[in-house]
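Residue numbers (our numbering), protein chains in the order written: chain A, 11 to 336; chain B, 7 to 512; chain C, -4 to 308. Backbone N, C-alpha and C fix where the C-beta goes; we use that ideal spot for every residue, glycine too. Quick caveat, the model's predicted, so the values are computed rather than measured. Below is one structure, written out as structure tokens; comments come after it.
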Amino acid sequence: MNTTPFLADRSRDQIDVVAVIERYGLLAFCAVLVLLTAAVSPAFRSSTNLQNVLTNVAPLAIIVLGQSMVILVRGFDLSVSSVMATAAVIATQFEGAGGLAFPLTLLVTLVMSLIVGLANGFLVTKRDMSPFLATLATMIVLQGLRFAWTRGAPSGRVPPELQLIGAGQFFGVPVNLLVLAVLTLIVWVALAKTPFGRRVYMVGGGPRAAELVGVNVDRTVIACYVASAVLAGIGGLVLVGYVSGVDNWVGRGYELDSIVAAVMGGVALSGGRGSVLGGILGAFLLTVIFNIVLLLGFPVQLQFVVKGLIIILAMAVYRLGGGAAG
Amino acid sequence: MRSSAAFREKGSRVIRVTGVSKSFPGVRALVDVSFEVRSGEVHALLGENGSGKSTLTKIIGGLHQPDEGEIVFDGRPVRWKRPRDAQESGIHVIYQELVMFQDMTVAENVFISNQPTTKFGLVDYKTMEARAAEALRQLGSDVDVRRMVKTLSVAEQQMVEIAKALVGTVKALILDEPTAVIAGREVEFLFNRIRMLSERGVAIVYISHRLEEIFEIADRVTVLKDGRLVGTRDIGDVDRDRLVSMMVGRDLSEYFPPRRPLREDSPIVLEASNISVGDRVKDASLVLRKSEIVGLAGMVGSGRTEFAMAIFGGIPMSSGSVTVGGKTYDRMSSALSIRSGVGLLTENRKSEGLMTQMDIAANICAASLGEITGGLFLDARRELGIAREEMNVFRVAAPGPQTRVIGLSGGNQQKVLFARWVHACKEVLLLDEPTRGVDVGAKAEIYRLIRRLADEGLAILMISSELLEVIGMSDRTLVMRDGRIRGELRGDEINEQSIMALATHR
Amino acid sequence: MIGYFRRNPALLGVLSLIVLLTVIGCLFSKDFRSVQNFQNVFEQSAPLAFTALGQTVVIITRGIDLSIDAQIALLSSLASGIVDSDAQRAIPVVLGVLALGVIIGLITGGLIVALRIHALIVTLGMAAILQGLALLYTLTPVGGIPDGYDFFGYGRVLGVPVGMALAVVLFAIVGFVLTYTRLGRQIYAFGGDPRAATMAGLPTTRVILFTYCLMGLLTAVTAVFLVSRLGVGNPLADGGFNLGSITAVVIGGTMLTGGRGSVLGTLLGVFMVQLLNNLLNFLDVSTFYQWMIQGAIVIVAVSLYVERRRARA
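Here you go:
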């Protein structure tokens, strides 16, 4: 029988080696891979290439911020690519408005993302739909609306402010990276230091338990889907600013990539675990890996293969580390 | 009651377990247990939750392999790697969670592991249905074997499970808490079937923690406690008290804190009126007074958990109202309850109680987020401070407030949950199976804790399936059956017979 | 017979939908009304029929296969590319492709069993890998089939298009296996309750491997059929069979929750999907909308059929 009061207080909890490996193993593996390549390949190390990579990273990383939040509450968001593409189309709609083009773009994108996020959240919480179906549905509907609007052929110029954000530099640092940094700070603080963030982790760790301590689970989940959609909208704008052109498929593949990056970064699909910082790191590494594939002269199609392998590897590591069934 | 002499005449040893140990991460489930069953015998396996009887069953059934020790079946040592091996040897286990395929017919379920085939290797439905019907007839069941299992009651499904054993060559039948989900006449029926099978020479292991049943059906009884063997006795050589003290390892009088006299004058803190929840709870009412411990007894499925959940607002009530803090509500929510000072310690702490990914501090402060919020942000220092204080008060044994709860023992986890609710709610505490999965030593501590909380002014409702607990702790006992409250017992009225009489149909 | 329909109300539902669609179609579109059109629809149903058959068994085991399009891309490209109009190579290559399909299924099933990852994720990963491999092999359609080898795609046997004839035969075989063999019953049992299946001692590994090997084989058959019909393989995974096969299966009454369903339902589902696409084409609805509508159907069907989990017990 335990008669002793609790033992000496320790300010750090014990480090559980297995958990660390499980959560960050893949990340570490990829990091080592990258460092090796840096050591071996001068082409990779060149400043132009690194510049290239850094500028490339932002859109994906911004999406991953939002996707991580949704994954934390045990969901995932397949509609992000559609939201990005729609944001891109919106950006090209205000060519004639001169100086107002940029603010209008922002406003309309924001409204669009809010609606999508609310729709996703509503379907998942109040209609009990699986995130797969719900976000697939919104993705399809958004796609249809977009095609109908552009009649399959989007065109137009992107406001110069966006081009600056997407591709410009500020004292040598890509502007979009700065935008990413600010957004990351906001999201990270919200999740780690506010009651809202605590509720997110509680809901993800166990929605029923969270509900029973008085947390409004539905509201928390909806907030995450809204955040994901808004961040996807911003990501889409940044991407179109960078690419400076638009087609129907802007952002294609980002939904899968963002989930892979998040899972790589330790955000468990079972919910309630992981940090957005890990997700960002995952996004960085994923981008770098794709870059390596190209640099080493492999055809771009190999990216697909790599992506598939990473998905399977990530899940394998997760399961072998004792994670719950998907 | 069976005559012990009768079985002694049969009885080659069918199962013999020697020195078996089994550990899982963090817990030693079985330590050096030895045990044997003879053919034609009904051998009871008795123990509290956490005594290791489940693990022993699973080892005999082939689901787990022992870390140490050996199993000898029918004279030969065996090393089963999966359930199929045990089944092929002639052991059939009926787990609490029945192995039933809801979308398949009764006949198919009976023969799920070995369908009869025709000359060409195709499934022979005619033979399957005929033999299944025959087996069920022998068990006295007239269920149509072509019905889908999902249309059957639990008791009927149990018969289907037993039929599985009959159609093969069964040498040993193990029943794990079969009466947890059936009651009254169905139990009698089951016992008759068990007797019939044992007369045929089948060795039967009957696992339960219900003493009255064991005296009725068993020839011998083996008691486990905390993973170890306490002893094996002929049923004629023991009485209830002796068995209980074997199970808990100490004298009954030391185990439960002394009861307090009823306080009729104590103010009513919560009143639940005419609460109904679908067809699970029908028109149930109760009052809870300050400093009182009210026990809520009943069979599994009688609606107690749903009743408490409805009072707390964890599930919606179809009708009825709850009066607390001077206000009456016909719609409750967990947030509302917590604001009114009512807390609920749930039955399944892993899935509904603990935040398993978080540390002790987060778990203790989970219902008190407002208290640890300063402006926009969480006040980490205050959170840790509260956690330390409560860990001290509730004697949670852990290195610190930032220890992850998942590594704690069952007893400590339960204490963390107590700390959470007591810190957040000062009026009423609803406890659903508060000592489930807690070892005997920690149990006694929790009983004392509950009594102390009551003395300090809390009104407590304690749901429990362990009669010992209900009898030992309640000042007043309510008994539920089929969703209704069938009676209230006070003082000396609180005993096994009265409670069982109200809880079942006898 | 009546009892069969009573036990499977979804079948009646699909049948009525097909009838309804036919009636609407005949009313609104002249081109739809012709006998020739119905024959065409029937003939063109073959690839969807093959893939939906495989998907049916996969879904019964509570899995899902999203790598169909990618596998077709790879296998069809390999087939047309390697044969390259050389008649001598035709048979060996076809056999090789079929074997490859089974091997891919074996790998998929193996990963699901060994790593205990859900099929959704494994097949998603496989899809990426297979698509990558296809594109590595060729970026554009390459190769061709020798003359006269379009029999599979266009030929007729006893007046019935070869593809559909084979499909119907395969449906019958698989349906038979599911109902009258032990393995078939074990497949249903596993899908109904995987935990119980393990505890009942059923050979779960065998069940999963068989399921995905079958899927792989049927996908390979589809690839061969498409090459025979189009003359060449397409390395891009845009055949729409992932969504199409799931739509057909779900409409036919097989729930995504597993443990239930019938191949007959899927066959009817296939016809419904084909009829719908055919009608939409005649009504001049763009392919984008067609895709949207298919997606919407899956969603509605799933929401209707899904037994809502009791959220608060």
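- Per the C-alpha coordinates, the member of L104(B), A186(B) and E183(B) positioned closest to K156(B) is L104(B).
- By the Cβ rule, the region 438 to 450 of chain B counts as touching the region 49 to 62 of chain B, because three or more pairs are nearer than 8 Å.
- When 8 Å is used as the limit between beta carbons, I150(A) is near these residues of chain C: W286, M287, G290 and A291, in chain order.
- Three or more beta-carbon pairs separated by less than 8 Å are not found between the region 80 to 92 of chain B and the region 248 to 262 of chain B, which leaves the two stretches without contact.
- Residue-level contact by beta carbon holds for V315(A) and chain C, with a gap shorter than 9 Å.
- Rounded to the nearest whole angstrom, the CA to CA distance from R387(B) to V199(A) is 17 Å.
- As the crow flies, the alpha-carbon of Q164(B) is around 54 Å from that of A129(C).
- Residue environment analysis places P83(B) among the exposed positions, since fewer than 16 neighbouring C-beta atoms fall within 10 angstroms of its C-beta.
- In this chain, the beta strand (DSSP E) harbouring P83(B) covers R82 to V84.
- If you draw a straight line from the Cα of L275(C) to the Cα of W259(A), it is about 24 Å long.
- Against chain C, a Cβ distance below 7 Å from Q311(A) picks out G127, L130 and L131.
- Collapsing the DSSP output to three states places F205(C) in a helix.
- If you draw a straight line from the Cα of I210(B) to the Cα of I292(C), it comes to about 54 Å.
- Using a Cβ-Cβ cut-off of 9 Å, A290(B) is close to nothing in chain A; its nearest Cβ partner there is about 20 Å away.
- Nearest Cα to V229(B) within the set S60(B), V399(B) and V20(B): S60(B).
- With respect to chain C, the C-beta atom of G127(A) has no partner C-beta closer than 9 Å.
- DSSP, reduced to helix, strand and coil, places P156(C) within a strand of the structure shown.
- Under the DSSP definition of a beta bridge, E103(B) lacks any partner.
- Here DSSP, grouped into helix, strand and coil, assigns S78(A) to helix.
- M154(B) has T111(B) as its beta-bridge partners, per DSSP.
- With respect to the C-alpha of S291(B), the residue from F313(B), H429(B) and M154(B) having the closest C-alpha is F313(B).
- Within the DSSP secondary-structure output, H49(B) pairs in a beta bridge with V211(B) and R226(B).
- Less than 9 Å separates the beta-carbon of I100(B) from that of D182(B).
- DSSP, read as helix, strand or coil, puts E472(B) in coil.
- Between the region 122 to 132 of chain B and the region 168 to 176 of chain C, the count of C-beta pairs closer than 8 Å reaches three or more; the two stretches touch.
- DSSP assignment within the region 107 to 164 of chain A yields the following whole alpha helix (DSSP H) runs of 4 residues or more, N-terminal first: 111 to 135 and 141 to 160.
- For G247(C) and L423(B), the gap between their C-alpha atoms comes out near 48 Å.
- When beta bridges are read from the DSSP output, G493(B) appears opposite V485(B).
- Taking 9 Å as the cut-off, the Cβ atoms of T115(A) and L172(A) count as close.
- By the Cβ test, the region 461 to 474 of chain B is not in contact with the region 400 to 416 of chain B, since fewer than three Cβ pairs between them sit closer than 8 Å.
- Within chain B, S340, A341, I344 and A373 have C-beta atoms less than 7 Å from the C-beta of G224(A), given in sequence order.
- Membership of G304(B) in the beta strand (DSSP E) is indicated by the continuous run I299 to G304.
- Under the Cβ criterion of 9 Å, G260(C) is not counted among the residues facing chain B.
- Close partners of V129(B) in chain C (Cβ separation under 9 Å): T174, Y175, T176, R177, G179 and R180.
- Three or more beta-carbon pairs separated by less than 8 Å are not found between the region 35 to 42 of chain A and the region 152 to 159 of chain A, which leaves the two stretches without contact.
- The straight-line gap separating the alpha-carbon atoms of G174(B) and I97(B) is approximately 10 Å.
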